[in-house]
Each structure stands twice: as structure tokens, then as C-alpha cells.
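A.B. asks:
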Amino acid sequence: MVTLQFLQSEDVVTYIDVNSATYDEELNQLQAQGFKLSGEPITAKEISDCMSKHKSRHEDKMREYAALSVVLAIFGIT
1 MVTLQFLQSE DVVTYIDVNS ATYDEELNQL QAQGFKLSGE PITAKEISDC
51 MSKHKSRHED KMREYAALSV VLAIFGIT
């Protein structure tokens, strides 16, 4: 099993293995470069599974945002 913490800066997404000996150092360096945590760590059997879960989570949030935007527009709320 692998546990990854995803981080994002504008359109760039990266990740760090939470169980890595250098996790704290990598996290500090990325945050110093402007990266923000992108959700909670994700655990899965393989890295590719973590990446799929993160992508799915992100797409779900975008759909929620789009639906909320439509509702607000219909009612004239900005």
C-alpha cells in the first residue's frame, strides 16, 4: 500500500509519499514554492490508483461547483 499527499499550485499537481523519510522536507520545500495541500492523503495499492482517486475527487468537486454556479445564476445570487 502507498499513501500519497497531493499538492497543487495553479495548474500543477504533484504528490509526496507520506511514508518517505524525506516527506517533511519535501512538503516544506513545495509549500515554500507556493504549493497548497490538495485534500487529505490518499491510500491505495499502487501510485496509479492514488492518482485516479485524486483525479476523481477533483472532478467531483468541479461538478459540485458547476452545479452551484448554475443555481446561483438562476436565482441571481453572486
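So for the sequence shown, my numbering puts the first residue at 1; every next one is plus one. Note that CB positions come from ideal geometry on N, CA and C, so glycine has one too.
#1: Quick one: residues in its chain with C-beta nearer than 7 Å to the C-beta of V18, no 5 flanking neighbours on either side, listed in chain order?
#2: On the DSSP bridge list, what partners appear for I16?
#3: I think M1 touches K45, with their Cβ atoms under 8 Å apart; what is that distance to the nearest whole Å?
#4: Rounded to the nearest angstrom, how far is the Cβ of F35 from that of T14, given a contact under 8 Å?
#5: Beta-carbon within less than 6 Å of E25's beta-carbon, same chain only, minus the 5 sequence neighbours each way: which residues are those?
C.D. replies: Well, looking at it:
#1: T3, L4, Q5, P41
#2: Q5
#3: 6 Å
#4: 7 Å
#5: none
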